[in-house]
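Taking it in order: structure first as structure tokens, then the write-up.
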Amino acid sequence: MTPIIVDTNKAEFILTPNMGLLKKVSAIFGFALIIIAIANVEFGALMSLDPPQKLILANLANDGCNELDIQRDLNSGSMNACVTAMGVWDAADVLMLVEGCAMFLAIFLRWPRKGRWAARVRRLSIIAGGLLCTLALADRFDLIPGGSAQLAELLPFPAPAIAVQLAFFSIGIFLLRGPKYVIDDPNAEKKSAGELRRLHSELDRVYATGGALGSLSSKKGKISKGVAKYTTVKDLWIHQGLSEYEDEFEAGLRDDSGGPVARTCHLCSGQGCAGCNFSGAAA
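The numbering of the sequence shown is this note's numbering, which starts it at 348 and goes up by one.
This is the structure we're talking about:
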């Protein structure tokens, strides 16, 4: 059975190998976020400071947040806005941990592939995609309170406002459009068999009406490439060498004598009577 590629507006699908690879990469990235969050908060391992300190990742792009400046402030007893005491979980750290867990655990999730739940998930993805696109556009044109800073603050690391807006908009478009999946159509074989039967019936009809294959184009406007090579059914029959596969009965069905054909009279069984005008054949 040959799979076909279509969009996910259907309620039944299976993931392609490319989507499986994407899930694995997402899981690796999520696991890295978990390790970074725990190593930073609990062990202060992101920078070699003495004593170890937890980095505030949201301020990491600010001036003076390099290792030398932070260590200099620590040695002088001054406060540095880029670090804080270990073991303190603030909102950005918790968000980073939650995002990492969600990305890592997504590889173990099995979304419904058919039935009502698959249709519900598809509808929810369309709604979520529309909301994300609307939020990104509203933030871009300063139509929501707080402007771009609010969306950027949702991330546990510093990022440009335009990058956050583009990310939200891209995810929204992806949810609206839906990724491409390979759908294994259970009716593909039935459709192929039905088309083959229709072709055979058309060939039979053509043979009965004189053998010109040009009449096959009367319905759809053109002949298939395979049939277009032949002018008559006889040409098709000769080219494919079908006479080699005939038995005696099938060969006897071909009569080139050109004589008349009639039904035997049922009254006299072909012996001749008044009912058939003594011809032996029914009128």
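Even glycine gets a Cβ: it sits at the ideal position worked out from N, Cα and C.
Taking 6 Å as the limit between beta carbons, can you name the residues of its chain near residue i, skipping five residues before and five after?
i: residue 384; result: 440, 443 and 444
i: residue 423; result: none
i: residue 625; result: 619
i: residue 395; result: none
i: residue 522; result: 472, 475 and 476
i: residue 614; result: 620 and 622
Quick check on the DSSP output: the alpha helix (DSSP H) that includes residue i runs from which residue to which?
i: residue 516; result: 508-524
i: residue 464; result: 463-487
i: residue 406; result: Note, residue 406: premise wrong, no alpha helix (DSSP H); not H, not E.
i: residue 419; result: 414-423
i: residue 388; result: First-last for residue 388: undefined, no H or E at that position.
i: residue 442; result: 438-452
Looking at C-alpha atoms only, which residue of the options is the closest neighbour of residue i?
i: residue 524; options: 511, 470 and 596; result: 470
i: residue 376; options: 429, 447 and 392; result: 447
i: residue 486; options: 401, 399 and 509; result: 509
i: residue 634; options: 408, 481, 414 and 410; result: There is simply no residue 634 to check, as the chain begins at 348 and stops at 630 in what is shown.
i: residue 433; options: 615, 418 and 390; result: 390
i: residue 449; options: 594, 371, 393 and 403; result: 371
i: residue 379; options: 540, 452 and 479; result: 452
Return helix, strand or coil for residue i, following the three-state DSSP convention.
i: residue 383; result: helix
i: residue 628; result: strand
i: residue 372; result: helix
i: residue 494; result: No answer about residue 494 holds up, because its pLDDT of 49 lies below 50 and its placement is not dependable.
Cutting at 7 Å between CB atoms, please list the residues of its own chain near residue i, excluding the five before and the five after it.
i: residue 406; result: 412, 428 and 429
i: residue 593; result: none
i: residue 628; result: 609, 610, 611 and 612
Please work out which residues of its chain come closer than 8 Å, Cβ to Cβ, to residue i, disregarding the five sequence neighbours upstream and downstream, and give them in chain order.
i: residue 418; result: 396 and 397
i: residue 321; result: In this structure the chain extends from 348 to 630, so residue 321 is not present and cannot be described.
Exercise. Report yes or no: do the segment 514-526 and the segment 475-492 share at least 3 C-beta pairs separated by less than 8 Å?
Key: yes
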